[in-house]
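If you're matching positions, the sequence shown starts at 18 in our numbering and goes up one per residue.
Reading through the structure tokens given below for one structure.
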Amino acid sequence: MSRLITVLAVLGGFMILSSGSAPRVEANGAPQILTGILQKIEKAHLDLKSLKAAIVQQRINSQIGSKDTDYGVLLYKPSAGNTKGKLRIDYSKPDVRTVAVVGENLVFYQPRINQVVKMSVAKASKGKAGSYTQIVGLDGSVRNLAKSYNIEYVKDELINGQMTAQLHLIPKEKGQLTSLDIWFSQDTWLPIQQKFIERNGDYSIVQLTNLEPNVKLADEAFIVKYPNSTVVVDKI
Numbered sequence: 018m019s020r021l022i023t024v025l026a027v028l029g030g031f032m033i034l035s036s037g038s039a040p041r042v043e044a045n046g047a048p049q050i051l052t053g054i055l056q057k058i059e060k061a062h063l064d065l066k067s068l069k070a071a072i073v074q075q076r077i078n079s080q081i082g083s084k085d086t087d088y089g090v091l092l093y094k095p096s097a098g099n100t101k102g103k104l105r106i107d108y109s110k111p112d113v114r115t116v117a118v119v120g121e122n123l124v125f126y127q128p129r130i131n132q133v134v135k136m137s138v139a140k141a142s143k144g145k146a147g148s149y150t151q152i153v154g155l156d157g158s159v160r161n162l163a164k165s166y167n168i169e170y171v172k173d174e175l176i177n178g179q180m181t182a183q184l185h186l187i188p189k190e191k192g193q194l195t196s197l198d199i200w201f202s203q204d205t206w207l208p209i210q211q212k213f214i215e216r217n218g219d220y221s222i223v224q225l226t227n228l229e230p231n232v233k234l235a236d237e238a239f240i241v242k243y244p245n246s247t248v249v250v251d252k253i
């Protein structure tokens with residue numbers, strides 16, 4: 018389930034950025050720089066109709082010093098009008114599995130154990146993610162992001178050969194998540210790295226590479242197909 022929580026965080030990062038309007042924020046240190054960055058991010062995501070990218074997810078357990086790394090391909094289409102937002106990640110290593118989110122419904126398919134789990138994003142987050150549900154935007158708070166988070170511009174930083182702008186978000190209310198950092202490419206103003214720190218000290222780092230914005234993606238690409246013999250656990 019911890020892998021699902023990381024997926025929800027990924028989804029949350031995109032939903033924050035495609036909320037439709039840049040929030041008014043009180044920034045420490047560089048309000049003019051932050052305002053300019055948010056305007057560029059807003060324009061980039063208003064122009065974003067779809068996205069395909071390679072994804073690497075690392076989840077670090079600080080208590081025992083372990084690190085799990087997952088590799089895969091991400092597909093994403095933001096919500097538009099009455100059309101729900103969609104996210105799909107097909108993992109190839111260390112094992113094959115698929116996570117797809119359409120609106121608030123999540124499908125998690127694991128061929129290795131011949132099982133598919135269907136549930137709402139809220140159920141997937143409940144009791145484990147705390148403020149992750151706010152990041153995902155299930156309560157509608159994304160459109161009023163500044164009411165829930167303090168946002169700061171941190172610095173420009175070179176990530177995987179790309180100059181980025183790093184933003185730091187801190188929840189105003191106490192929850193499982195203590196902070197979220199997002200690095201945006203200054204070429205495309207799309208996120209190429211995210212870091213989520215939990216209250217217990219564990220954290221996840223998500224990196225996107227080989228970004229293909231506005232690639233043609235049919236809605237059917239987000240439908241997870243599996244054999245009839247697959248055991249279905251339906252919690253929706």
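Every residue, glycine too, gets a C-beta built ideally from N, C-alpha and C.
Keep in mind the model is a prediction, meaning the values are calculated, not measured.
Where the alpha helix (DSSP H) through residue i begins and ends
i	result
T86	Careful: T86 lies outside any alpha helix (DSSP H), inside the beta strand (DSSP E) at 83 to 94.
L123	That residue, L123, is in no alpha helix (DSSP H); its beta strand (DSSP E) goes 122 to 127.
I50	48 to 64
Close beta carbons around residue i, own chain, < 6 Å, minus the five adjacent residues each side
i	result
D112	R129
K110	Y88
Contact belief for residue i with residue j at Cβ below 8 Å, rounded distance in angstroms
i	j	result
A70	L91	5 Å
I187	N167	5 Å
Q132	V248	5 Å
N-terminal and C-terminal residue of the beta strand (DSSP E) that residue i is part of
i	result
D107	103 to 110
Q80	Neither: Q80 is in no beta strand (DSSP E) and is coded neither H nor E.
F213	208 to 215
N227	220 to 230
E169	166 to 176
A97	Segment: none, A97 is in no beta strand (DSSP E) and carries neither H nor E.
F201	194 to 202
V249	248 to 251
I187	179 to 188
S67	It is not in any beta strand (DSSP E) - S67 carries neither H nor E in the DSSP assignment.
A117	114 to 119
Residues near residue i by beta carbon distance below 7 Å, same chain, minus five either side
i	result
N227	A70, A71
G147	Unreliable positioning characterises G147 in this predicted model, as indicated by a pLDDT of 35, which lies under 50. The coordinate reading is nonetheless provided below. So the list reads G192, Q193, L194, once near-sequence residues are dropped.
E215	Q193, L194, T195
S67	Y93, K94, N231, V232, L234
When the options are compared against residue i, the one with the closest alpha-carbon
i	options	result
K60	W206, N217, D251, G192	W206
W200	K189, D173, K191	D173
V171	G178, Q179, Q183	Q183
G53	D251, Q203, V250	Q203
G178	E169, I209, D64	I209
L234	I58, G102, S83	G102
D251	P230, N231, E237, V138	V138
S246	I81, Q127, G82, K66	Q127
Q49	E169, S96, S83	E169
N122	N99, A141, T115	A141
Chain-order list of residues whose beta-carbon lies under 8 Å from that of residue i (same chain, five-residue window excluded)
i	result
T181	D173, E174, L175, W200, F201, S202, Q203, I209, Q210
8 Å Cβ cutoff, residue i in contact with chain D
i	result
A117	The structure shown contains no chain D, having only a single protein chain.
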